[in-house]
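Numbering (my numbering), first residue to last: 32 to 204.
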């Protein structure tokens, strides 16, 4: 549901699309936003997460960065990359591309080619390869066995997942 211009409430798994008609849903999220659309707090099923700093009017620091979420600090490097939040630790290469994420789910590593495209993701020793079209847009995801995991098509600027097609992809080794 929107107020005059911002999303302020979402029902997940709702049995209707009109807020007044919803009688059953899986989860409810409420967003408390300032006039600029920055999050002040998010409440999901009566559990509220506060975003800080709060000094009455200021939500973010001078670099427009959240400094804490639920009183848990968020760390940044000098380039503005998030180094740590309450759940994860992140690393970046010299070009500011995220190279790893470490959290309770394990370690995820991202691999890039010479053109700066993310070509692979390694998570728990499972590798996902990203296949690009000539416009450098991801069109497929494949696992280490070259099995199609996801395929995408474009409609305007919107990427949509499409049913898989069975064709081989050749990559230089």
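Quick reminder that beta carbons are idealized off the backbone N, C-alpha and C, glycines included.
All of these numbers come straight from a predicted model, not from anything done at the bench.
**OP:** Compare the Cα-Cα distances from residue 165 to each of 152, 151, 146, 178 and report the closest residue.
**Re:** From the listed residues 152, 151, 146, 178, the smallest Cα separation to residue 165 is found for 146.
*What first and last residue would you give for the beta strand (DSSP E) that runs through residue 131?*
For residue 131, the enclosing beta strand (DSSP E) starts and ends at 129-134.
For this session: Tell me, please, whether the region 171-182 touches the region 149-160 by the rule of three or more beta-carbon pairs shorter than 8 Å.
Result: Result yes; three or more Cβ-Cβ pairs closer than 8 Å.
- Please classify residue 82: is it buried, with 16 or more other beta-carbons within 10 angstroms of its beta-carbon, or exposed? The residue is buried, with at least 16 neighbouring Cβ atoms inside 10 Å.
In this structure, how does DSSP classify residue 52 when only helix, strand and coil are distinguished?
Assignment of residue 52 by DSSP, reduced to helix, strand and coil, places it in the helix class.
| query | Quick one: is residue 171 buried, meaning 16 or more other Cβ sit within 10 Å of its Cβ, or exposed? | reply | Per the 10 Å Cβ criterion, buried.
(Q) Within 8 Å of any Cβ in chain B, is that where the Cβ of residue 104 sits? (A) You won't find chain B in this structure, because it holds only one protein chain.
> Between the Cα of residue 111 and the Cα atoms of 128, 64, 103, 102, which residue gives the shortest distance?
Replying inline: The residue from 128, 64, 103, 102 with its alpha-carbon nearest to that of residue 111 is 128.
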